[in-house]
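Chemist: Letter by letter, the sequence shown follows residues 1 to 184 in my numbering.
Yeah, the Cβ is synthetic: ideal placement off N, Cα and C, and Gly gets one too.
I'd like to ask some things about the structure below.
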Amino acid sequence: MLQRSNLKCMEKYKTSIAKIQRLGSFGYKFLSRSRLMRELGDAHKLDDPNIRLTLCNNNILHWIAYIRGPENSPYEEGIFVLNITCPPDYPINPPTVSFETRCFHPNINFQTGEVCMDVLKSNWSPAWTLSYLCRGIIYILSDPNADSPLNCDAGNLLRSGDVLGFNTLARMYTIDEALEEFPI
């Protein structure tokens, strides 16, 4: 029964995508804008003390996210600023996300702020929303993957077992670079 229901949902999804593809770029832009407008409304109602989402310069394709570092991590008590840019065919394709706040983490490029997450590449699904994506980023802050580093120094510290060294550097950058509270 559940499999049949999942198959029906998948068929509806494929049919919707086919209709949008027939409409060409207009279809993608319409889907993207309506989806992002809904996400904007949801962001204003979001009752998550760890995430704030807002538009950048009233551009529906460009967002700023503020995320609170997870408890019991070197990022605790820091508020990190993320730059999120949605492509015109969002949610068919994933947004690009980068940290504006410098963050010492193996899955975050220290220079560019680029985030390494499977969901931003090959595992993207239109079911993801920007708020869920922010929750995923908070999760990787608490559970770094040293085997897939964008920051080799951070990855090497963790792979060599120098957790104290990693935590000390990550904490130092959190204190120096992160905001202490959410902007109003």
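Quick check on L179: does DSSP put it in helix, strand or coil?
Modeler: In the structure shown, L179 sits in a strand (DSSP, three-state: E or B).
Chemist: What does a CB cutoff of less than 8 Å around N107 pick up in its chain, not counting 5 residues either side in sequence?
Modeler: So the qualifying residues of the chain are V115, C116, M117, I140, P144, N145, S148, P149, L150 and N151.
Chemist: Can you find the residues in the same chain that come closer than 7 Å, C-beta to C-beta, to C56, ignoring five residues on each side of it along the sequence?
Modeler: Only H62, W63 and I64 meet the Cβ criterion.
Chemist: Give every residue of the same chain whose Cβ lies closer than 6 Å to the Cβ of F26, excluding the five residues on either side of it in the sequence, and list them in chain order.
Modeler: Confidence at F26 is low in this model, with a pLDDT of 47, below 50, so its placement is unreliable and no value can be given for it.
Chemist: From Y75 to I92, what does the alpha carbon distance come to, in whole angstroms?
Modeler: Their Cα atoms are separated by approximately 32 Å.
Chemist: Does DSSP put S32 in a helix, in a strand, or in coil?
Modeler: Three-state DSSP puts S32 in a helix.
Chemist: Once the 5 residues before and after T85 are set aside, which same chain residues still bring their CB inside 7 Å of it?
Modeler: Closer than 7 Å at Cβ, skipping near neighbours: L61, H62, P95 and T96.
Chemist: If distances are taken between C-alpha atoms only, which option among E39, G161 and E100 comes closest to G113?
Modeler: With distances taken between Cα atoms, G113 lies closest to E100.
Chemist: Nearest to H73 by alpha carbon, out of N167, E177 and M172?
Modeler: Going by the sequence as given, residue 73 is Ser instead of His. S73 has its Cα closest to that of N167, out of N167, E177 and M172.
Chemist: Label V163 either buried or exposed according to how many other C-beta atoms from any shown protein chain fall within 10 Å of its C-beta, with 16 as the threshold for buried.
Modeler: V163 comes out exposed.
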